[in-house]
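Numbering (this note's numbering), first residue to last: 3 to 405. Even for Gly, the Cβ is constructed at its ideal location relative to N, Cα and C. Data block below; observations after.
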Ligand SMILES: Cc1cc2nc3c(=O)[nH]c(=O)nc-3n(C[C@H](O)[C@H](O)[C@H](O)COP(=O)(O)OP(=O)(O)OC[C@H]3O[C@@H](n4cnc5c(N)ncnc54)[C@H](O)[C@@H]3O)c2cc1C
């Protein structure tokens, strides 16, 4: 593959780094203060200021590889270094309209939405006026296997009627959330991968009840990962996304880019953890010698550099395959990075926490939140074991006995 950055990517990288220095890092503590003052699910005013500034600088919707009437499009390889920079700060992706789960939702609306659906939902999402959530996982079944889900989407005249119980639905509590993309079954008797469909459900549709927010290692994330029920929720049949029975295929299309975006951002988080580890190692001197001169810390630092650089190259390779051969051709590599990157980051963040002593587990560094998110990523968008299963099956198939 070609490793050099395109001129457009280099330019955007410089501009984004400048935006991070000028606005995002200084806003981190402001955001936390405004969240504390405004209550748990507040929308801090600083975020709208950051969004306006990012937009003014042309740092907006960089995640979308497709050219649309509203966006220019940027390749996955070009986006990778930018997402890495965003991953350094918790608030940067939302500020640039590049945050999950909207990115995946915008991508499938671009690929499968009708002109009317795009005008109603995609356009305001691209404008950053509204946000959205993706509802697939269910408490009652092993949802890492999407063929298990039980939510029903039954046709009744010109409407679909949805009944089901979901949880860990991220983004639902964001004050700007207006849209749920719900995955359920329209035909329980079809072949296992043709039973599912996706429908667009306005969040204020009668019959939707948010039961509670699920915590992530004790963090009550402002945007929420909610448990919710759907009781006789009715939407017009024109809210079907793609075709009836096409939900599983759309889910696959959604997860490829979503997974690599998570990995790109997580590499940025790991870089920041390494920086913090090094700064702390220079600053603290237990037992008469700076931590930076302790062999164990030097090993952590060296291994972190080796492992981040390996993970970055693997991620860039997956991005390049997606750009040149398509998302399907890159599925082994996407699964590979989805296992490798969060595990790589977890070890580095853990060492950075250790270097910080008690402060490392507190709110005074971004490390504790980074760790909890990297750990959760080993489930979100598919558990490690499911990705390994896919890779192993493809690898073993190559060497299967022929007779
Ligand atoms: C922070 C967070 C945010 C999330 N956001 C969303 C969201 O916005 N929308 C949404 O729909 N879902 C979301 N999820 C849910 C996530 O996608 C699921 O948790 C994931 O798909 C696993 O499904 P499950 O929890 O039902 O686990 P299960 O399917 O019950 O699996 C449990 C465990 O079984 C193991 N396992 C599975 N298959 C195999 C195998 N073949 N071999 C060996 N072991 C195996 C894995 O270790 C797995 O963790 C989120 C999860 C988290 C933690």
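7 angstroms Cβ cutoff met for residue i and residue j
i: residue 184; j: residue 207; result: no
i: residue 321; j: residue 79; result: yes
i: residue 17; j: residue 59; result: yes
i: residue 173; j: residue 103; result: yes
i: residue 130; j: residue 192; result: no
i: residue 369; j: residue 359; result: no
i: residue 261; j: residue 336; result: yes
i: residue 211; j: residue 199; result: no
i: residue 29; j: residue 52; result: yes
i: residue 405; j: residue 221; result: no
i: residue 284; j: residue 275; result: no
i: residue 243; j: residue 82; result: no
i: residue 385; j: residue 146; result: yes
i: residue 148; j: residue 251; result: no
i: residue 110; j: residue 33; result: no
i: residue 205; j: residue 179; result: yes
i: residue 70; j: residue 116; result: no
i: residue 366; j: residue 77; result: no
Whole-angstrom distance between residue j and residue i, CA atom to CA atom
i: residue 292; j: residue 89; result: 29 angstroms
i: residue 341; j: residue 387; result: 8 angstroms
i: residue 106; j: residue 127; result: 11 angstroms
i: residue 225; j: residue 273; result: 25 angstroms
i: residue 194; j: residue 45; result: 41 angstroms
i: residue 9; j: residue 338; result: 29 angstroms
i: residue 175; j: residue 101; result: 15 angstroms
i: residue 377; j: residue 344; result: 7 angstroms
i: residue 304; j: residue 311; result: 11 angstroms
i: residue 356; j: residue 299; result: 10 angstroms
i: residue 142; j: residue 228; result: 15 angstroms
i: residue 41; j: residue 99; result: 23 angstroms
i: residue 182; j: residue 171; result: 9 angstroms
i: residue 140; j: residue 160; result: 27 angstroms
i: residue 323; j: residue 346; result: 22 angstroms
i: residue 402; j: residue 392; result: 15 angstroms
i: residue 152; j: residue 27; result: 43 angstroms
i: residue 383; j: residue 289; result: 44 angstroms
i: residue 62; j: residue 56; result: 6 angstroms
i: residue 87; j: residue 219; result: 25 angstroms
i: residue 245; j: residue 314; result: 36 angstroms
i: residue 67; j: residue 138; result: 24 angstroms
i: residue 277; j: residue 3; result: 29 angstroms
i: residue 22; j: residue 150; result: 42 angstroms
i: residue 354; j: residue 380; result: 19 angstroms
i: residue 255; j: residue 114; result: 10 angstroms
i: residue 302; j: residue 296; result: 10 angstroms
i: residue 36; j: residue 169; result: 28 angstroms
i: residue 132; j: residue 400; result: 46 angstroms
i: residue 432; j: residue 203; result: In the structure as shown, the chain begins at 3 and stops at 405. Residue 432 is therefore absent and cannot be evaluated.
i: residue 157; j: residue 240; result: 11 angstroms
i: residue 6; j: residue 330; result: 24 angstroms
i: residue 264; j: residue 91; result: 13 angstroms
Beta strand (DSSP E) segment containing residue i, residue limits
i: residue 406; result: Nothing about residue 406 can be read from this structure; the chain reaches only from 3 to 405.
i: residue 228; result: 227-238
With 16 other Cβ atoms within 10 Å as the buried cut-off, status of residue i
i: residue 238; result: exposed
i: residue 39; result: exposed
i: residue 20; result: exposed
i: residue 259; result: buried
i: residue 54; result: exposed
i: residue 249; result: buried
i: residue 1; result: A question about residue 1 goes unanswered here, because the residues of the chain that appear run from 3 up to 405.
i: residue 177; result: exposed
i: residue 120; result: buried
i: residue 287; result: exposed
i: residue 217; result: exposed
i: residue 394; result: exposed
First and last residue of the uninterrupted alpha helix (DSSP H) at residue i
i: residue 16; result: 9-21
i: residue 28; result: 27-40
i: residue 104; result: 104-114
i: residue 48; result: 47-58
i: residue 283; result: 249-285
i: residue 407; result: The shown model of the chain, from 3 to 405, leaves out residue 407, and the question about it has no answer.
i: residue 88; result: 78-88
i: residue 386; result: 386-400
i: residue 95; result: 94-97
Residue i CB to nearest heavy atom of ligand 2 below 6 angstroms
i: residue 252; result: For ligand 2, the structure offers nothing, since it holds only ligand 1.
Let me know the beta strand (DSSP E) ranges lying completely inside the segment 122-161, each 3 residues or longer, listed in chain order.
-> 133-137 and 154-158
Start-end ranges of the alpha helix (DSSP H) lying completely within the segment 346-379, minimum 4 residues = 369-378
Where in the segment 185-219 do unbroken runs of the beta strand (DSSP E), each at least 3 residues long, occur, reported from the N-terminal end onward?
-> The segment 185-219 is shown to contain whole beta strand (DSSP E) runs of 3 or more residues at 198-204 and 210-215, in chain order.
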